[in-house]
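*Asks:* Questions regarding the structure given below will be posed in turn.
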Amino acid sequence: MPCSSQLVARGSQLTAMTCPGCGQQFEQPGGQGECPFCGYPCAEYQRHVTMIQIIVGAVFASTLVYGGMVAFLELVVQYRPAYDPASDKIFGAALLLLSLVLLIVSLRFEQGALAKQDPPSLRQAVILVAALAEVPAIWGLLMYLLFGSIQWLVVGMTLSWALFFRLGTRLPLYLHRISQHLKPNA
């Protein structure tokens with residue numbers, strides 16, 4: 003399992019780490035955070051994993067904040083939109099089409115980034131795909147603010163979460179490519 007540089011916690015002590023390079027467990031990394039058996043840069047790999055987790059988690063959490071804002075506006079403030087709710091269909095369809103275009107762009111960008119295989123390009127691809135996954139939630143919020151349309155908000159949130167789910171299923175591939183690039187013999 004090459005992508006499992008996980009620290010295993012027992013109680014309050016960290017006891018073992020599994021090297022993504024050789025798969026061996028060890029308790030103490032070398033002076034620079036490398037595997038004592040194969041020299042794999044475990045600390046650097048863990049920095050990449052942590053950075054990706056924080057960024058994707060923060061972008062995903064923003065979609066939850068949008069839902070919370072709408073709930074607050076709807077239930078507490080009793081927000082009423084400035085525009086006629088009947089005119090939301092054309093605007094919503096245009097934003098849906100724009101989201102489809104952004105999805106196609108992100109898929110092409112992702113293919114190019116996966117071909118490069120260097121950690122900065124892969125990290126940049128994950129960030130871009132996460133940002134593009136957030137776009138439908140943003141337009142759902144926009145549709146609510148302009149037209150009071152909870153239906154378009156739900157559509158946008160659902161599309162956004164589906165894109166985040168897709169990104170989550172692709173993260174092991176990104177992390178595997180990063181781990182392969184960091185191998186000392188690579």
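In short: position in the sequence shown from 1, add 2, done, that's the numbering used here.
Idealized CB from N, CA, C, for every residue including glycine.
Three or more C-beta pairs under 8 Å: does that hold for the segment 169-185 against the segment 125-137?
*Replies:* Touching, per the Cβ criterion.
*Asks:* Based on Cα-Cα distance, which residue from L66, S64 and F39 lies nearest to K185?
*Replies:* For this step, residue 185 is matched to residue 183 along the sequence shown. The residue with the shortest Cα to Cα distance from K185 is F39.
*Asks:* How should P122 be labelled, buried or exposed, when 16 other C-beta atoms within 10 angstroms of its C-beta is the threshold for buried?
*Replies:* Counting from one through the sequence shown, the residue named residue 122 turns up at place 120. Looking at its Cβ environment, which holds fewer than 16 other Cβ atoms inside 10 Å, P122 is exposed.
*Asks:* Quickly, what does DSSP pair Q27 with across the bridge? List them, please.
*Replies:* Position 25 of the sequence shown, counted from the first residue, corresponds to residue 27. The partner list for Q27 (beta bridge, DSSP) reads T20.
*Asks:* Rounded to whole angstroms, what's the CA-CA distance from M53 to P43? Just pull it up for me.
*Replies:* What you label residue 53 is simply residue 51 of the sequence shown in a count that begins at 1. What you label residue 43 is simply residue 41 of the sequence shown in a count that begins at 1. Straight-line Cα distance between these residues: approximately 16 Å.
*Asks:* What does the alpha-carbon distance come out to for the pair S162 and A96?
*Replies:* Counting from one through the sequence shown, the residue named residue 162 turns up at place 160. Counting from one through the sequence shown, the residue named residue 96 turns up at place 94. One C-alpha to the other measures close to 16 Å.
*Asks:* Only counting the same chain, and skipping five residues up and downstream in sequence, which positions put a Cβ closer than 7 Å to that of M3?
*Replies:* Position 1 of the sequence shown, counting from 1, holds the residue named residue 3. Confidence at M3 is low in this model, with a pLDDT of 38, below 50, so the placement of that residue should be treated as unreliable; the coordinate-derived value is given next. Closer than 7 Å at the Cβ level, and outside the excluded window around M3, lie G25.
*Asks:* One question on the structure: do V58 and V128 come within less than 8 Å of each other, judged by their Cβ atoms?
*Replies:* Mapped onto the sequence shown, residue 58 falls at position 56. Mapped onto the sequence shown, residue 128 falls at position 126. Cβ atoms of V58 and V128: closer than 8 Å.
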